[in-house]
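Protein chains: 2
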Amino acid sequence: MTFDPETLVYDQRGLLPAIAQDAETGEVLMLAWMNAEAVAKTLETHRVTYWSRSRKAFWVKGETSGHTQELVEMRVDCDRDCLLLRVRQSGPACHTNRRSCFYTAIEHGAERELMTPMVE
Amino acid sequence: MTFDPETLVYDQRGLLPAIAQDAETGEVLMLAWMNAEAVAKTLETHRVTYWSRSRKAFWVKGETSGHTQELVEMRVDCDRDCLLLRVRQSGPACHTNRRSCFYTAIEHGAERELMTPMVE
Numbered sequence: 001m002t003f004d005p006e007t008l009v010y011d012q013r014g015l016l017p018a019i020a021q022d023a024e025t026g027e028v029l030m031l032a033w034m035n036a037e038a039v040a041k042t043l044e045t046h047r048v049t050y051w052s053r054s055r056k057a058f059w060v061k062g063e064t065s066g067h068t069q070e071l072v073e074m075r076v077d078c079d080r081d082c083l084l085l086r087v088r089q090s091g092p093a094c095h096t097n098r099r100s101c102f103y104t105a106i107e108h109g110a111e112r113e114l115m116t117p118m119v120e
Numbered sequence: 001m002t003f004d005p006e007t008l009v010y011d012q013r014g015l016l017p018a019i020a021q022d023a024e025t026g027e028v029l030m031l032a033w034m035n036a037e038a039v040a041k042t043l044e045t046h047r048v049t050y051w052s053r054s055r056k057a058f059w060v061k062g063e064t065s066g067h068t069q070e071l072v073e074m075r076v077d078c079d080r081d082c083l084l085l086r087v088r089q090s091g092p093a094c095h096t097n098r099r100s101c102f103y104t105a106i107e108h109g110a111e112r113e114l115m116t117p118m119v120e
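From first to last, the protein sequence lines stand for chains R and L. Going by the UniProt record's numbering, the first residue of the first sequence is number 1, and it counts up by one from there. Going by the UniProt record's numbering, the first residue of the second sequence is number 1, and it counts up by one from there.
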């Protein structure tokens with residue numbers, strides 16, 4: 001069956017959430033949003049391309065920072081309204097320079113930082 | 001710093017996406033949605049509790065199927081608008097009886113099933 005990005009289920013803004021996971025270690029790096037064109041661009045270029053909700057523009061991950069995400073595999077979930085991107089992440093995925101955006105744990109009712117920014 | 005679920009950033013429906021990941025293997029199992037009360041219930045009971053958008057009701061994962069998710073650790077991302085739930089999943093996470101909802105890969109422009117339903 002040929003894959004058509006238009007067959008995915010987008011919300012009222014035309015977006016769906018995409019989870020980026022390190023293809024090698026399994027670490028969950030970040031969640032961002034894609035529209036059908038971003039899905040198509042990502043599959044075509046293998047450079048992960050999100051839709052920036054704040055800038056209302058395509059966001060080729062790492063285009064300015066150099067911290068690119070190379071697509072290894074794209075997966076779609078059972079409801080076709082969410083993507084899992086297995087990627088090769090160069091450097092930090094988070095804008096705080098941490099490897100992952102999920103660097104804060106909730107433990108016994110308090111927040112605890114699990115990671116420090118990466119040194120380059 | 002004491003954690004208050006109300007300090008998270010919810011969308012206009014009062015929801016945020018929560019990614020469930022197998023705490024042991026790192027496998028991404030599913031994505032569903034939570035409101036502030038679902039976050040509080042999950043932290044209190046350690047039974048992962050989502051908000052069902054279709055039923056407009058709390059959804060204690062596995063309450064009817066028995067395929068529960070026990071919370072091992074909750075993490076919040078840098079923007080505070082997404083959660084990562086590290087869980088102990090009993091049986092399949094997906095309603096299709098597959099371990100993960102992300103059982104379909106997009107490969108060379110076509111869809112390929114990566115997993116078959118679990119046999120109990």
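A virtual CB, placed ideally from N, CA and C, is assigned to each residue, including glycine. Just so we're clear, the structure is a prediction, and the values are computed from it rather than from any experiment.
Given residue i as reference, the closest of the options once Cα atoms are compared
i, options, result
"G62 (chain R)", "R:R80, R:T2, R:A23, R:H95", "R:H95"
"P117 (chain R)", "R:L84, R:R55, R:A38, R:S100", "R:S100"
"L84 (chain L)", "R:A105, R:D79, R:N97", "R:A105"
"T7 (chain R)", "R:V87, R:E37, R:R80, R:R55", "R:R80"
"A57 (chain R)", "R:W33, R:V76, R:N97, R:E27", "R:W33"
"C82 (chain L)", "R:R13, R:V9, R:L29, R:T25", "R:L29"
Under the three-state DSSP convention, the category residue i falls into
i, result
"V48 (chain R)", "coil"
"A23 (chain R)", "coil"
"E6 (chain L)", "helix"
"T42 (chain R)", "helix"
"A105 (chain L)", "strand"
"A93 (chain L)", "coil"
Distance CB(residue i)-CB(residue j) smaller than 7 Å
i, j, result
"F3 (chain R)", "E113 (chain L)", "no"
"H67 (chain R)", "S90 (chain R)", "yes"
"R86 (chain R)", "Q21 (chain R)", "yes"
"V39 (chain L)", "P5 (chain L)", "yes"
Residue i - partner residues in DSSP beta bridges
i, result
"P17 (chain L)", "L:W33"
"H84 (chain R)", "The identity of residue 84 (chain R) in the sequence shown is Leu, whereas the question assumes His. For L84 (chain R), which the question treats as bridged, DSSP gives the partners R:I19, R:R75."
"E111 (chain R)", "R:I106"
"Q12 (chain L)", "Note: Q12 (chain L) sits in no beta bridge, so no partner."
Cutoff 6 Å; reference residue i; Cβ partners in own chain excluding five residues on either side
i, result
"W59 (chain L)", "Y50, S52"
7 Å Cβ shell around residue i - same chain, five flanking residues per side excluded
i, result
"H46 (chain R)", "E70, L71"
"L15 (chain L)", "W33, M34, N35, W51"
"P17 (chain R)", "L31, W33, C82"
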